[in-house]
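Encoded as structure tokens, the structure appears first; notes follow it.
Numbering (my numbering), first residue to last: 7 to 512.
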């Protein structure tokens, strides 16, 4: 294999004509309501160059959420009195579009879904009020008459129709909230764990949550997301009485959870109960704000001491491990994994100065990037932007939010005979607007095609399809009617394929 790497710094002029489906959305912690850290709209890349968004100073970083052409986050501006405001950006501007709650309240984002930002006002006599904001201008859409359990970091899970599932207050220990007006759809009175950072997950029509208090056994419960009725629960999962957070559900219904002071479990939802597939030891503490992720090959990523382990999803055995992500203290990792399995992770360092973001190969053996960012223990990497120009947002303490853009990897899969028989040059210029040129040579005639594709696999230009004589050819690609992004030039001859990546920047 021959690998040619072209490093390109991307300055993006975002087009207003993009539709919602052209964006990478990251609407809650873990990216989705499974909280598995996967977003297959994110085309994997090795992180390259940086763009900085200007933000009010924050004492620590908070999760960043993306929806459409905007992203939003909470900024803790003061500890005494405790104050937190919300800022929202368009991707095409380095300055906030608006801020909310700059002079009062502790406004913490619960999620950003279907073009609505959901917020709670933290620390109101033990319970938090909840409300919804318009991302265009920060105006209030509704304020609920119901309150929720206080907590600095927990976020909403979303049903298929966009309703929120939250840890309620009082006897309403789980609430489904109507996303249009803030009213309750149903409530469930479970025993709530002792946590300010609780995780609940949704897979299909089932909600999964922890149940159990300081002095009662801890279990995973399965709740009908349409009715709020508890369907069944797992066996008791031994451990101590403290907080319960590490928890995710794969798309095929396997719950991966870690008991504080206990084991890690893989529990398969069989439709009438849970079947334990395996359990294994972990290195404690696992981190109060940590996350479990699943890869595209179903591998499971967990914190283990100061490292990340990749586990076999069938047995729980360790397949690979990373380097230490910190030099001292503990980690609270959060993940973002794209279409081809590259692992982006924030270490969530307990020692603030050790905060850092990493980009690993799927097997954790290659480090593509390390970005220092102190006080990142409440946040993680967030994919966002346009599908065909992806990037990763990173936050921590200070006045910046960083976005790292792609390095274009032009990977050429060649047999030993390709250099003798066929060539396809890299286009020049690259990036280009609107035209670029390239050439190719065919030393042995045959059947095939030469086409240019967009990132969705749609052919946008065909140069030939069928029989092609041997020769040297020069071509021009005019993309005047296309949108900015990555395109693929692909030559196929006699079952041999060569592909080049091209970047259109308007």
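A virtual CB, placed ideally from N, CA and C, is assigned to each residue, including glycine.
What residues in its chain sit with their C-beta under 6 Å from that of residue i, if we drop five residues either side in the sequence?
i	result
residue 334	357
residue 149	137
residue 498	454 and 455
residue 406	58
residue 490	510, 511 and 512
residue 165	231
Could you spell out the range, first to last residue, of the beta strand (DSSP E) harbouring residue i?
i	result
residue 170	170-172
residue 92	88-96
residue 558	Any property of residue 558 remains undetermined from this structure, which presents the chain solely from 7 to 512.
residue 106	104-106
residue 446	441-448
residue 81	76-85
residue 209	207-209
residue 451	Per DSSP, residue 451 belongs to no beta strand (DSSP E) and is neither H nor E.
residue 134	133-139
residue 514	One cannot answer for residue 514 here, as it falls past the ends of the chain, which runs 7 to 512.
residue 377	373-378
residue 226	225-230
At the level of alpha carbons, what is the spacing between residue i and residue j?
i	j	result
residue 379	residue 39	27 Å
residue 342	residue 475	46 Å
residue 85	residue 340	25 Å
residue 367	residue 373	7 Å
residue 302	residue 36	15 Å
residue 269	residue 248	14 Å
residue 219	residue 465	57 Å
residue 384	residue 158	9 Å
residue 155	residue 179	8 Å
residue 315	residue 325	7 Å
residue 432	residue 444	6 Å
residue 473	residue 493	24 Å
residue 280	residue 239	7 Å
residue 376	residue 408	13 Å
residue 267	residue 293	11 Å
residue 446	residue 462	24 Å
Let me check understanding here. Comparing Cα to Cα, which of the options lies closest to residue i?
i	options	result
residue 33	110, 72 and 347	72
residue 160	281, 408, 145 and 128	128
residue 354	242, 295 and 62	295
residue 62	273, 89, 256 and 37	89
residue 460	506, 256, 428 and 451	506
residue 382	220, 64 and 163	64
residue 103	117, 126 and 140	140
residue 271	122, 186, 242 and 257	242
residue 245	199, 318 and 192	199
residue 337	436, 375, 288 and 312	312
residue 449	437, 435, 487 and 428	428
Suppose the cutoff is 8 Å on Cβ atoms and the five residues either side in sequence are ignored; what does the same chain contact list for residue i look like?
i	result
residue 211	230, 231 and 232
For residue i, I'd like the list of residues in its chain whose CB is within less than 7 Å of its CB, leaving aside the five on either flank, ordered along the chain.
i	result
residue 518	Absent from the model: residue 518. The displayed extent of the chain is 7 to 512, so no value can be given.
residue 143	104
residue 467	457, 458 and 483
Fill in: Contained beta strand (DSSP E) runs [length at least 3] in the stretch 298-366, N- to C-terminal order
306-310, 313-317, 324-327, 340-343, 349-352 and 362-366
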